[in-house]
Every structure is written in C-alpha cells, then in structure tokens.
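Under my numbering, the letters of the sequence shown match residues 1 to 137, in that order. Working notes, beginning with the structure itself.
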Amino acid sequence: MQTECTGGCLCGSFRYTFTADPIFSFSCHCRDCQRATGSVFAAAFAIPKESLQMSGEYRYFSKLGDNGSEVSRGFCPKCGSRAVSTLEQLPDCYLVYGSSLDDPSWFRPSMDIYTASALPWDCMDPSVPNFEQGPPM
Ligand SMILES: [Zn+2]
Ligand SMILES: [Zn+2]
C-alpha cells in the first residue's frame, strides 16, 4: 500500500497520518475490548511507531491483558472515540483501529483472536485463522 492514510476521532480534534504497510491485523474478541469499544470486538492493525504522526489531545487507559502484559487503549478526551492503542508487548508499534480511518475500505482483519470469549451471535470471517486466546507471537 504505502500511500498516506489519515484518520481520527469522531469529533475531529484528534487526527493521525501514517505511511506504512500494516505489519498484521486482527479482530480481538476479548472481554476487555468488548467493554472498551462497547461492541463485540475491536478490529485493528499494527504499524511501526515511527510511521505515525498524531495531532490533538489524546489520552490512554492502561490495564493488564489476559497474557499479563499492559494494553494502553487510547481515546479522545472530548468525544471518547478510540483510534490508537499501544501494547507493552510490542513497544515499537502502534495499534490503529480500522474504523477510525477516513477511508476504512482497504482494511481487513487477517485473524480473529480471543475467540473463546466471542459472543454467540458474533460473526467471523471463516477464511481467516482464529485463535481461542492470543495470537502466536
Ligand atoms: Zn474526539
Ligand atoms: Zn482484546
């Protein structure tokens, strides 16, 4: 891809730009992502930290994940939308939520993770691998 991608929060006060190919992408069905998003899963992709420029106020809420490493879920303090998060396990990457892209049409999660806690009516793409817990890394 390597084109410039832009995105941001619902109210528009937090914005980001990056030029990089996603390293991997996923939909996470863990209970924490369900609570944090208010939806049934969080769909995101990882990009190298140095490729992302952010502008506007932004905050993080940190919590230990099931694997014992910290997940810092970011959000706009004005509208509460999440756009970017970080994982202690992957210090050189940002996780960007696909739905925060200005043009989300190219984004496709390439695996489903933490499917053990997926809700029974959740729909998953049968053509991508799924893991009951975290992905093998
Ligand atoms: Zn906002
Ligand atoms: Zn999760």
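Beta carbons are placed, not taken as given, at the ideal position from N, Cα and C, and that holds for glycine. On a predicted model such as this, the values are computed, not experimentally measured, just so you know.
Residue i: CB within 8 angstroms of a non-hydrogen atom of ligand 1
i    : result
F107 : no
S85  : no
S69  : no
L101 : no
G38  : no
F61  : no
Any non-hydrogen atom of ligand 2 within 8 angstroms of residue i CB
i    : result
I113 : yes
Chain-order list of residues whose beta-carbon lies under 6 angstroms from that of residue i (same chain, five-residue window excluded)
i    : result
C76  : C9 and F14
L95  : A44, A46 and S85
A36  : R73
N130 : D112 and T115
D66  : none
V128 : S110 and M111
A42  : C28 and C33
Contacts around residue i, its chain only, beta-carbon distance under 8 angstroms, and the 5 residues preceding and following it disregarded
i   : result
T19 : Q2, T3, E4, C5 and S51
Backbone CA spacing between residue i and residue j [nearest angstrom]
i    : j   : result
E57  : Y97 : 17 angstroms
V40  : R59 : 23 angstroms
T17  : G38 : 25 angstroms
C28  : D21 : 20 angstroms
E33  : L90 : Note that residue 33 is Cys in the sequence shown here, rather than Glu. Cα to Cα, the separation comes out at about 17 angstroms.
C93  : I23 : 9 angstroms
W106 : G68 : 32 angstroms
Residue i Cβ short of 8 angstroms to ligand 3 heavy atom set
i   : result
P91 : Absence of ligand 3 from the depicted structure is noted, with ligand 1 and ligand 2 being the only ligands included.
Contact set for residue i: own chain, Cβ-Cβ below 7 angstroms, skip 5 residues either direction
i    : result
L101 : C5, G7 and F107
L64  : E70
### Message
Could you check whether the segment 49 to 60 touches the segment 116 to 128, counting it as contact only if at least three pairs of C-beta atoms, one from each stretch, sit closer than 8 angstroms?
### Response
At 8 angstroms Cβ cutoff, the stretches do not touch.
### Task
Using the beta-carbon of each residue, find all residues closer than 5 angstroms to any heavy atom of ligand 2 and list them in chain order.
After applying the 5 angstroms Cβ criterion, the set is C28, C30 and C33.
### Query
Residues near ligand 1, CB to any non-hydrogen atom under 6 angstroms, in chain order?
Counting every residue whose Cβ lies closer than 6 angstroms to a heavy atom of ligand 1, we get C9, L10, C11, S13, F14, C76, K78, C79 and S81.
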